[in-house]
Amino acid sequence: MTLKELLKYEEIIIQCHDNPDADAIGSGFALYTFFKEEGKKVRLVYSGKAKITKPNLVILLKELSIPLEYMEETDISGVLITVDCQYGAGNVKKFKADNVAIIDHHRQEITNVPLSEIRYYLGSCSTLVWQMLEEEGFSVNRYPNIATALYYGLLTDTNNFTELNHPFDRDMKDTLAYDLNLIRKLKYSNLTIDELKIAGMALLGNSYDSVDRFSLVKTQPCDPNILGFIGDLAIQVDSVDVCVVYFEADTGIKFSVRSCVREVMACELAEYISEGIGSGGGHNDKAGGFIFKSELNRCYPGKNADQYLLARLKEYYENFTVIDCMIDKPDLTNMEIYKKRPLVQGYVKCTDIFKKGTPVIIRTLRCDMDNLLSDDDLYIVIGIKGDVHPILKDKFFKWYEATDEPFDIETPYFPHIIDKNTGSIVDLKPYAKKCVSTGEVYIYAKPLSKTTKLFTLWDRDTYMLGKPGDYLAVREDDENDAYIVSKDIFELTYKK
2 MTLKELLKYE
12 EIIIQCHDNP
22 DADAIGSGFA
32 LYTFFKEEGK
42 KVRLVYSGKA
52 KITKPNLVIL
62 LKELSIPLEY
72 MEETDISGVL
82 ITVDCQYGAG
92 NVKKFKADNV
102 AIIDHHRQEI
112 TNVPLSEIRY
122 YLGSCSTLVW
132 QMLEEEGFSV
142 NRYPNIATAL
152 YYGLLTDTNN
162 FTELNHPFDR
172 DMKDTLAYDL
182 NLIRKLKYSN
192 LTIDELKIAG
202 MALLGNSYDS
212 VDRFSLVKTQ
222 PCDPNILGFI
232 GDLAIQVDSV
242 DVCVVYFEAD
252 TGIKFSVRSC
262 VREVMACELA
272 EYISEGIGSG
282 GGHNDKAGGF
292 IFKSELNRCY
302 PGKNADQYLL
312 ARLKEYYENF
322 TVIDCMIDKP
332 DLTNMEIYKK
342 RPLVQGYVKC
352 TDIFKKGTPV
362 IIRTLRCDMD
372 NLLSDDDLYI
382 VIGIKGDVHP
392 ILKDKFFKWY
402 EATDEPFDIE
412 TPYFPHIIDK
422 NTGSIVDLKP
432 YAKKCVSTGE
442 VYIYAKPLSK
452 TTKLFTLWDR
462 DTYMLGKPGD
472 YLAVREDDEN
482 DAYIVSKDIF
492 ELTYKK
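With the first letter of the sequence shown counted as 1, position 254 gets the number 255 in the numbering used here; the numbers rise by one all the way through.
Printed below as a string of structure tokens:
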């Protein structure tokens, strides 16, 4: 569904979920402004048992002049759009309406509304609305109040950006021209005295594992951002390397992860904790996620939240090994020789985009690659599934035949490159050209039997993660140049 499809209605009511949070409010406000600009008669509303009293939200509404109304009953003659929720779900009052649309980023639970746009993989509904507005050619940054509301919506829904699991979330965060002073004010208006008491009580009752140096903290149900606040305190203890803080809600378990060691990326641990029964993600040091109670009961019958999380953490630490290419040389005795197939891939010369010496980030669907400097000697090779490999010029021309033909692939997110100095984000697609591997590239490789974390020569802070069945690969002509290739890509890329 596109916003253009809703322009046929002259009267539009945008409904946030009951007890709306900043993400619902920001998303609704952006849609309200868009439809107002299109000359429609629009209202932005919410309902439920209580009106908004949370200090940060009261400030948000006042400072950005957001016309959010509390509504108990109304006649709807045009279209009702539920935002950050789904019409008929338990968290939003169901008003009678002949025409309904849904814009949401949660798992789909309502399937009988044809006018729906649900992108469950995004960290916030604000990101979804930003995308939809961009698709209509609506420049959000022309409206500073909208940009600020969307930015704050993403910030709060991803626990201060610690749970950004999709590159579109990161793109919006880096693109919006928001009011920094107001965001700072809102950040420091988020904690009530009762929530401070909740944090203190939680820290008194933590579980600590002295062998693996992790702490597990359970708290009462609270604003999800309070989990991050508690985690930030706990991780400062000198004997704690990793901290997981959580609470149980009606529908599942909300959790936050903190890590201060490079061998455990918080985002990867969050994904591991929620694998198959929820979702998780974020950054190397801060992350979080959610576990659906129904899925936990189905997959792990008889286990409560405490038992599951503690067992999952112990299992995590018992089942990985670490390889550092700067220190360790992989044992080649059990590895076989493979030859790279002559595949068509993409390439970009870094200085075709940013001048030499510019610190850059390469953003892919999977992660951000940091600690890179633009250089005439640095090329970016784009794989058949949108994966990216930095490579030096001499090796690139040794292993690939470059062409001037444009390169494109079907992928949910084509890699981007970011200037760390200015924040400028550039899509690599217009610059990408085809290259073909020469067929003379040989590697040593073997399938992994255990989860492996590999620190490459390119990135000393972020490991490549390989799971059983993926491959550890080592260049035949450089035993220090090791990397991990997922099973599906390996089988397409190499042959014996």
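For every residue, glycine included, the Cβ atom is placed at its ideal position computed from N, Cα and C.
A quick note: this is a predicted structure, and the numbers were derived from the prediction, not measured.
**Q.** Cβ separation of K454 and Y443, assumed to be a contact under 8 angstroms, to the nearest whole Å
**A.** No, K454 and Y443 are not in contact; Cβ-Cβ is about 25 angstroms, not under 8 angstroms.
Q: Report the rounded CA-to-CA distance for L7 versus Y273, giving the unit in angstroms.
A: 40 angstroms
Q) Using CA coordinates, which residue listed in E38, S190 and F293 is at the minimum distance from H107? A) F293
**Q.** As assigned by DSSP and simplified to three states, the class of A382
**A.** According to the sequence shown, residue 382 is Val rather than Ala. Residue state, collapsed to three classes: strand.
Q: Step through the CB atoms of chain D and report whether any lies within less than 8 angstroms of the CB of T404.
A: Among the protein chains of the structure shown there is no chain D, as only one such chain exists.
Q) Which runs of the alpha helix (DSSP H), 4 residues or longer, sit entirely within the stretch 299 to 330? A) 306 to 319
(Q) Taking the beta strand (DSSP E) that T369 belongs to, which residues open and close that run? (A) Contrary to the premise, residue 369 reads as Asp rather than Thr in this sequence. Start and end: D369 to L374.
Q: Give the straight-line distance between the Cα atoms of L197 and Y189, rounded to the nearest whole angstrom.
A: 13 angstroms
Q.
Going by beta-carbon coordinates alone, are L217 and K255 separated by less than 8 angstroms?
A. no
**Q.** For L234, the first and last residue of its enclosing alpha helix (DSSP H)
**A.** P225 to A235
Q: Starting from the N-terminal side, write out each stretch of the alpha helix (DSSP H) that is 4 residues or longer and does not extend beyond the stretch 453 to 497.
A: 488 to 494
Q | CA-to-CA distance, K447 to Y484, given in whole angstroms | A | 11 angstroms
Q.
For Y348 and V486, what's the separation of their Cα atoms in angstroms?
A. 18 angstroms
Q: Identify, in the order they occur along the chain, each residue of the same chain with its Cβ nearer than 8 angstroms to the Cβ of I184, setting aside the five sequence neighbours on each side.
A: T149, Y152, Y153 and L156
Q. Helix, strand or coil: how does DSSP classify I278 here?
A. coil
(Q) Could you compute how far the alpha carbon of N92 sits from the alpha carbon of I104? (A) 14 angstroms
Q: Mind checking which residues open and close the alpha helix (DSSP H) that includes E196?
A: I194 to L205
Q: Determine which residues share a DSSP beta bridge with K42 and list them.
A: E12
Q | Beta-carbon separation (whole angstroms), F512 vs C368, contact threshold 8 angstroms | A | Absent from the model: residue 512. The displayed extent of the chain is 2 to 497, so no value can be given.
Q: Indicate the three-state DSSP secondary structure (helix, strand or coil) for K435 in the structure shown.
A: strand
Q: Pick helix, strand or coil for L297, following the three-state DSSP scheme.
A: helix
Q. Shortest alpha-carbon distance to I77 belongs to which of D85, K50, I15 and I67?
A. I15
Q. Going along the chain, which unbroken runs of the beta strand (DSSP E) with 3 or more residues stay wholly within the stretch 71 to 128?
A. 80 to 84, 101 to 105 and 117 to 119
**Q.** Buried or exposed by the 16-neighbour rule on C-beta atoms within 10 Å, applied to R143
**A.** exposed
Q) From which residue to which residue does the beta strand (DSSP E) around G347 run? A) V345 to K350
Q) The alpha helix (DSSP H) with E249 in it runs from where to where? A) Careful: E249 lies outside any alpha helix (DSSP H), inside the beta strand (DSSP E) at V243 to E249.
Q: Use the C-beta contact count for S48: other C-beta atoms within 10 angstroms, 16 or more gives buried, fewer gives exposed.
A: buried
Q) CB-CB under 7 angstroms to A90, same chain, minus the five flanking residues each way: which ones, in chain order? A) E110 and I111
Q. Which class does R364 belong to by DSSP, given the choice of helix, strand or coil?
A. strand
Q) DSSP state of R185, grouped into three classes? A) helix
Q: Go ahead and pull the three-state DSSP assignment for E136.
A: helix
Q. Since K443 is in the beta strand (DSSP E), which residue starts that stretch and which ends it?
A. A small correction: the amino acid at residue 443 is Tyr; Lys does not occupy that position in the sequence shown. Where Y443 is concerned, the enclosing beta strand (DSSP E) stretches over Y443 to P448.
Q: Could you tell me which of C223, R259 and Q221 sits nearest to Q237, measuring between CA atoms?
A: R259
(Q) Less than 8 angstroms between the beta carbons of K430 and D409, yes or no? (A) yes
Q: With DSSP as the reference, please indicate the residues paired to Y339 in a beta bridge.
A: I444
Q | Residue of K394, L297, L344 and I82 minimising C-alpha distance to E492 | A | L344
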